[in-house]
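Protein chains: 2
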Amino acid sequence: MIHSAPTNLRYLILADGSFGPEESKTANACIRYTPERVVGVIDSRLAGKTAHEVLGFGGSIPVVASLEEGLPLGPNALLVGIAPAGGQLPEEWIRVIGRAIDRGLHIWSGLHSFVGDVPELKASAERRGVEIHDLRRPPAKLPVSNGRVRSVVATVILTVGTDCNIGKMTTQLQLLGGLRKKGIRTSFAATGQTGILIEGRGIGVDAVVADFIGGAAESLVLECAKDSDLVLVEGQGSIIHPSYSGVTYGLLHGSLPHAQVMCAQPTRKAINRCEWVKIPPLADFIRLSEQAAAPLRPAPVIAVALNTYDLSDDAARAAIESVRRETGLPATDPVRFDTAPIVDAIERFHLARPR
Amino acid sequence: MIHSAPTNLRYLILADGSFGPEESKTANACIRYTPERVVGVIDSRLAGKTAHEVLGFGGSIPVVASLEEGLPLGPNALLVGIAPAGGQLPEEWIRVIGRAIDRGLHIWSGLHSFVGDVPELKASAERRGVEIHDLRRPPAKLPVSNGRVRSVVATVILTVGTDCNIGKMTTQLQLLGGLRKKGIRTSFAATGQTGILIEGRGIGVDAVVADFIGGAAESLVLECAKDSDLVLVEGQGSIIHPSYSGVTYGLLHGSLPHAQVMCAQPTRKAINRCEWVKIPPLADFIRLSEQAAAPLRPAPVIAVALNTYDLSDDAARAAIESVRRETGLPATDPVRFDTAPIVDAIERFHLARPR
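Line by line, the protein sequences give chains A and B.
Each residue of the first sequence is one higher than the one before, starting from 511 at the first, in the numbering used here.
Each residue of the second sequence is one higher than the one before, starting from 511 at the first, in the numbering used here.
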C-alpha cells in the first residue's frame, strides 16, 4: 500500500510525443508540485523549450530530445510521465526504459502494464541493481468494502468531476496548504499514480481487481484518518464516463465522503475522446452526483473548482461568477486564483458537521 | 475470453458448510439449469439429504459428507460451488481440492483466488494430467470501453437489481427459452462465474482490473451480438451496493443496454450484510437506475422480476400485483410463475425499437 517517493529523487520524465498542458498529466503534476525533483523532460517534438514555455509553469526545466541528451542533467531516475488510455506499454518505451536501466537509472512508472513484469527489463534491473517502482501495482491483499469507514471521525471530502483530467487531484493538492494553515490536521488520500508519486502514499484504485475498488478506497481512508481530522480524497473519472465510471462509483461508495467538491471545465461540453457523451448543465450534474451518493451516505456538493486554463483572465472570472450564480455554491479556479472560497467552504462544513 | 464447459462434465460440487437456498449461488444455479452434469454436493451438515430437500428443486441429487463419499457417484470434476465475499480460498478447501486432483478430478472454480495459482495444486494437476479451470481469470488483453457497442444492431437488455444475489442471472436464464420460442435469436452474455459455467462463454467482469470493467462488458456484448438479435446481459451487484457498485456501473456503462429489467425481492429491505444501506422504494429505485444510465444512453426499466422464494403462493401473487400497481410495469416471479409478462415486454420493446 505504501509507495514512498524518497526526497533525493532527481528524475528525467519520459513524455515523448505527448508533453503538453492537456496530455502529460503525471509529468505536469510532478513539475507543478515537486519541481525540485525534475531535471528534465524527454519530448523530441519540443526539444530546446523549457517547461514554462510548454505548460505555463515549471520554470527553466529543459525539454530534451532523447534519454541520452538528458543524461548530462544528472538524473538518478526515469519517470514514465504519461498514462495512455488502458495503460499499455508501447514497444519503443520498453527500449528507452531498457537503455535507462543500463545507465543505472531507477524506474518509476504509473502504467497499468507493469515495467517490472517485462522479463528483460526485470532481468536487467536486477543485474544493474536498479529499482523498478510500479505505482499502480495494488497491495497484495485487499478487503471488500462494507462501510467500515463510517467509524472514522475525520471529515472526508472527495473531489468529483464532470470528466477525467479536469482537476480532481490538482484541486486537493492546491487546498492542502490553506487548510493546514487554518490549523486543521489535513491529509491527502492519493488514488492515482501521480498523486501517489507526489504524496508518497496511496493506492491506485483503478488498478485493483474490480470487486475491490471500494475496499481499496476504504482501506486508504482508514489509513489516512489515523493521523488527521480532515481527509481529502483524490477523485477519479466521472459518474458519466463510459470507460471509467465503475472506478468513480467504487471510489465514491468505498470512501463514503461527507461532502463533495465538484471539478469542471467551462469549455468542456462533452467527455474527452467520447464526444457522444454530452456533459449535462453543471447544476444538473451536481444533483446527479448527490443522488449517486445519497442512498449510502448523503454527501452534498459544497463548492466548485473550475479549470479555466484555456480562458483569458476576464473570461475565467466571468465563468466563475456564472457558476456561482447557477449553483449557489462557492467557486474558484484553485490553480489560477485564490483557493480561499473552497478552503473556507470546507472549513465551515468541517466545523459544522454533527459528530 | 471463452471458457467452455464441455457437455460430458459430471461434477461433484464442493459447498461444505454452505449448501442452501440463500448461500451456495453457483451450486444452486448449476443444479437448476444443468442438473444432468451434477452427481452430488458435498456438505457435511446436510449429508443424506437430496438437493430437492435442501433447495426445493434438483430432484434426487444426493448430498454427501466428504469428497471421498462422493467418489462412488462417478464424478470426473470437482466444482467449487460457493463464492465467499472477496473470493479468498480457505485453507481447508485447498486440501480438499488437492485430494480431488490426486483422484484425477478436473477442477472448476469461480473464486477470485485462482486455484491454478496455488503452486502445490498447479504442480499436482500437471503431474496428474488434470485441468484447472479458473472461471474468473480475465482475458489476457482487454480494451477500455468507449462506446463501440453503440454500433451493435441487436437489442441489449441488462438485468439490474436492488442487491446482490437477488435473481439477475436467473431471470435472464429463465427468459431465454421463451424469447427463442418466439423466434428471436437470443444470446446470454454471462458476466459471472456461474453464468459462464452454465453458458460456456463469458467474462467475469468483477475479476478484471478496475479500469477495464467497461471494456470487458463491451467486448462481451460485441461478441454475443455477432450471432443474435437480442442480447440478455447478466447484471452484477447493485448501484447502491457499498462493496460492488463499481462493477455494477462499469457493466451498465460498458454494455450500454437499450432497456433494463429490474430484479427485486419484496422481503429484502436493506442490502444483505450491509444492513445500514436501506433499499429505497421500488419506484424510486427504478428512477435512480434510469438516471444512472441516461447520460450515456437512455435505458428504461421495462419489467420487474420478483424473487418471492420466501413467500407463500398467495403472498407472492399479492407482492407481484402490488409492484405492478406501484410501478405500472409488467411483473412476475420468472422462476415460480410464468415468464410471459417479462418475455412479452422484451419482445414488444425489441420490435418497437427504432433502428
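For each residue, glycine too, the CB sits at the ideal point set by N, CA and C.
Small disclaimer: the values here were computed from a predicted structure and weren't measured.
*Can a CB atom of chain B be found closer than 7 Å to the CB of A:R865?*
no
*Looking at the unbroken alpha helix (DSSP H) that takes in A:H562, where does it start and where does it end?*
A561 to L565
*Spell out whether any CB of chain A is found under 7 Å from the CB atom of B:D495.*
What the structure shows of chain B is the stretch from 511 to 865, and residue 495 of chain B is not part of that stretch, so it cannot be assessed.
*Run down chain A in chain order and give the residues with a C-beta less than 8 Å from the C-beta of B:W786.*
G657 and R660
*Any idea if B:T842 is buried or exposed, counting beta-carbon neighbours within 10 angstroms, 16 or more meaning buried?*
buried
*Report the option in A:G558, A:C674 and A:G584 whose CA atom is closest to the CA atom of A:A575.*
A:G558
*Round the Cβ separation of B:G756 and A:G724 to the nearest angstrom and send it over; I've been treating them as touching at under 8 Å.*
6 Å
_Please return the same chain residues whose Cβ sits closer than 6 Å to the Cβ of A:T777, not counting the five positions on each side in sequence._
D820
*Give me whichever residues DSSP pairs with B:F698 in a beta bridge.*
B:L742
*asked:* If the cut-off is 7 Å on Cβ atoms, which residues from the region 732-758 of chain B count as contacting chain A, listed in chain order?
replied: I750, P752, S753, Y754, S755, G756 and V757
*Could you tell me whether the Cβ of B:A723 comes closer than 7 Å to any Cβ of chain A?*
A quick correction: the sequence has Ile, not Ala, at residue 723 of chain B. Yes, B:I723 counts as interfacial toward chain A.
*asked:* Quick check on B:P629: does DSSP put it in helix, strand or coil?
replied: helix
*Determine, using beta carbons only, whether A:L615 comes closer than 7 Å to chain B.*
no
*In the DSSP assignment, find the beta strand (DSSP E) that holds A:Q770 and state where it starts and stops.*
A769 to A774
*Output yes if chain B places a C-beta closer than 7 Å to the C-beta of A:L806; else output no.*
yes
*asked:* Whether or not the region 665-675 of chain A and the region 709-726 of chain A are in contact is what I'm after, with contact meaning three or more pairs of Cβ atoms, one per stretch, closer than 8 Å; do they touch?
replied: no
*List the residues that DSSP assigns as beta-bridge partners of A:I723.*
DSSP lists no partner for A:I723.
_Please report whether the beta-carbon of A:A793 lies at a distance below 7 Å from any beta-carbon of chain B._
no
*Is the region 767-774 of chain B in contact with the region 799-812 of chain B, if contact means three or more CB pairs nearer than 8 Å?*
yes
*Use the C-beta contact count for B:L816: other C-beta atoms within 10 angstroms, 16 or more gives buried, fewer gives exposed.*
buried
*Please look up how many angstroms separate the CB atoms of B:I694 and B:L589, rounded, as I've assumed it's under 8 Å.*
Contact flag wrong, Cβ pair sits at about 31 Å.
*Hey, is A:P768's beta-carbon within less than 7 Å of any beta-carbon in chain B?*
Position check: residue 768 of chain A holds His in this sequence, whereas Pro was assumed. Chain B, which has no Cβ nearer than 7 Å to the Cβ of A:H768, makes this no.
_Let me confirm a value: A:D553 is counted as buried when at least 16 other C-beta atoms fall within 10 Å, else exposed. Which label applies?_
buried
*Hey, how far is the Cα of B:R835 from the Cα of B:V771?*
17 Å
*Does any C-beta atom of chain A lie closer than 7 Å to the C-beta of B:G760?*
yes
*Pairwise C-alpha distance: A:R863 and A:E857*: 10 Å
*asked:* Less than 7 Å between CB atoms is the rule here; does B:V811 satisfy it with respect to chain A?
replied: no
*What does B:R783 reach in chain A if we use C-beta pairs closer than 8 Å?*
N656
*How many Å lie between A:N675 and A:H763 at the Cα?*
21 Å
_I'd like the span of the alpha helix (DSSP H) that includes B:K736, first residue to last._
Where B:K736 is concerned, there is no enclosing alpha helix (DSSP H), given that its DSSP letter is neither H nor E.
*Confirm the yes/no value for this check: CB of A:I611, any heavy atom of the ligand ATP, distance under 6 Å.*
With respect to small molecules bound, the structure shown includes none, and the ligand ATP cannot be examined in it.
*Is the shortest distance between the beta-carbon of A:A727 and the beta-carbons of chain B less than 7 Å?*
no
*Assuming B:R547 and B:F567 form a contact by the criterion Cβ under 8 Å, report the distance between their Cβ atoms to the nearest whole angstrom.*
In fact, because the Cβ distance is near 15 Å, the residues do not count as touching under 8 Å.
*Which value, in whole angstroms, describes the spacing of the CA atoms of A:P851 and A:P840?*
6 Å
*When DSSP builds the beta bridges, which residues end up paired with B:V574?*
B:I552
*Who does B:Y521 pair with in a DSSP beta bridge?*
B:V548 and B:A587
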